[in-house]
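Colleague:
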Amino acid sequence: DAGITQSPRYKITETGRQVTLMCHQTWSHSYMFWYRQDLGHGLRLIYYSAAADITDKGEVPDGYVVSRSKTENFPLTLESATRSQTSVYFCASTHVGDQPQHFGDGTRLSIL
Amino acid sequence: RKEVEQDPGPFNVPEGATVAFNCTYSNSASQSFFWYRQDCRKEPKLLMSVYSSGNEDGRFTAQLNRASQYISLLIRDSKLSDSATYLCVVNRPFFSGGYNKLIFGAGTRLAVHP
Numbered sequence: 029d030a031g032i033t034q035s036p037r038y039k040i041t042e043t044g045r046q047v048t049l050m051c052h053q054t055w056s057h058s059y060m061f062w063y064r065q066d067l068g069h070g071l072r073l074i075y076y077s078a079a080a081d082i083t084d085k086g087e088v089p090d091g092y093v094v095s096r097s098k099t100e101n102f103p104l105t106l107e108s109a110t111r112s113q114t115s116v117y118f119c120a121s122t123h124v125g126d127q128p129q130h131f132g133d134g135t136r137l138s139i140l
Numbered sequence: 056r057k058e059v060e061q062d063p064g065p066f067n068v069p070e071g072a073t074v075a076f077n078c079t080y081s082n083s084a085s086q087s088f089f090w091y092r093q094d095c096r097k098e099p100k101l102l103m104s105v106y107s108s109g110n111e112d113g114r115f116t117a118q119l120n121r122a123s124q125y126i127s128l129l130i131r132d133s134k135l136s137d138s139a140t141y142l143c144v145v146n147r148p149f150f151s152g153g154y155n156k157l158i159f160g161a162g163t164r165l166a167v168h169p
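Chains R and W, in that order, are what the protein sequence lines are. For the first sequence, this note's numbering begins at 29 and goes up steadily by one. For the second sequence, this note's numbering begins at 56 and goes up steadily by one.
1) Residues in the same chain with beta-carbon distance under 7 Å from W:S151, minus the five sequence neighbours each way, listed in chain order, please.
2) Taking all protein chains shown into account, do 16 or more other C-beta atoms lie within 10 angstroms of the C-beta of W:A122, making it buried, or fewer, making it exposed?
3) Which residues in chain W sit within 8 Å of R:L71, going by Cβ to Cβ distance?
4) Counting Cβ pairs, one atom from each stretch, are 3 or more of them under 8 Å apart for the region 60–67 of chain W and the region 108–120 of chain W?
5) Name the residues in the region 104–117 of chain W whose C-beta lies less than 9 Å from a C-beta of chain R; which are they?
6) Which whole-angstrom value describes the C-beta separation of R:L73 and R:T135, a residue pair presumed to lie in contact below a C-beta threshold of 8 Å?
7) Indicate whether at least one CB of chain A lies closer than 9 Å to the CB of W:S138.
8) Measure the beta-carbon distance from R:L140 to R:T43 and round it to whole angstroms, keeping in mind my assumption that it falls under 8 Å.
9) Taking the alpha carbon of W:A75 as the point to measure from, which residue in W:F115, W:F89, W:V105, W:K97 has its own alpha carbon closest?
10) Is W:S151 close to chain R, meaning its C-beta is less than 9 Å from at least one C-beta of that chain?
11) Under DSSP, the beta strand (DSSP E) around W:P69 begins and ends at which residues?
12) Whole angstroms are fine: how far does the CA of R:Y75 sit from the CA of R:H89?
13) Would you verify that the beta carbon of W:P96 is, or is not, closer than 9 Å to some beta carbon of chain R?
14) From which residue to which residue does the beta strand (DSSP E) around W:K100 run?
15) Is R:E107 buried or exposed, if buried means 16 or more other CB atoms sit within 10 Å of its CB?
16) For the beta strand (DSSP E) containing R:T43, list its first residue and its last residue.
17) Taking the beta strand (DSSP E) that R:L71 belongs to, which residues open and close that run?
18) Which bits of chain W does R:V94 rub up against, with CB to CB less than 8 Å?
19) Please confirm whether R:F102 has its beta-carbon closer than 9 Å to some beta-carbon of chain W.
20) What residue range does the beta strand (DSSP E) around W:A75 cover?
21) Below 6 Å CB to CB, which residues in the same chain sit around W:S81 once its five sequence neighbours on both sides are set aside?
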């Protein structure tokens, strides 16, 4: 059951490059989220989307851009990658805002 | 004060032991509570929801204390496979419309040894 998939699983890139992380879900969930997870910080919300064409900032949005032209896709773009954005990125989705979220496998991003 | 606070641990317990984690939350209007499990920075997975009357799922029991604003997770007869990080999750209500967010605690590490 691969209801929510992220790609790539691993990515290494250089400072200043643009990077896009993909997230695709097959459940037609309304809500989608992007989190980053760093040691000592737990999960931090970057951006979320309540529906197609509706997005909003989370706790740590600076340096990131999202879009949601289709319900099933929620790409996250780092416009000019910095070393501080090295992290594990998780995408999640849910049908109702305060109900459990289902997570993708994560993207391990290293910025050199 | 963090919205959701957990003891980071680690809790080191032998197989067969009973172990309990607590989690406190700051927003008295929160209505949804969950425990997630996360293995070695893999994706978090829902372990169980927490209901007002308390609920049990096999060896796992979750309880909610609204008066003191904490939830707990009890694991009986610990297995090696229970070794993981357990995340406490609470919703942050947004009364004027908009999205009702989930707030994740930083997690409590459990290590079960033979």
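Note that beta-carbon positions come from the ideal geometry of N, C-alpha and C, so glycine has one too.
Modeller: So, from the data block:
1) Since pLDDT at W:S151 reaches only 47, below the 50 mark, its modelled position is unreliable, and the value read off the structure follows with that caveat. Closer than 7 Å at Cβ, skipping near neighbours: no residue.
2) exposed
3) P99, L142, F159
4) no
5) S104
6) Wrong, their Cβ atoms sit about 16 Å apart, outside the cutoff.
7) No chain A appears in this structure, whose protein chains are R and W.
8) 7 Å
9) W:F115
10) Here the model assigns W:S151 a pLDDT of 47, short of 50, so the residue's position is not dependable and the matter cannot be decided.
11) 66–69
12) In the sequence on display, residue 89 of chain R carries Pro and not His. For R:P89 and R:Y75, the distance between alpha carbons rounds to 6 Å.
13) Note on residue identity: the sequence assigns Arg, not Pro, to residue 96 of chain W. It does; some Cβ of chain R falls within 9 Å.
14) 100–104
15) exposed
16) Taken as a continuous stretch (DSSP letters only), R:T43 belongs to no beta strand (DSSP E), as it is neither H nor E.
17) 70–79
18) By Cβ distance, chain W contributes nothing, its closest Cβ being about 14 Å from R:V94, past 8 Å.
19) no
20) 74–80
21) R56, E58
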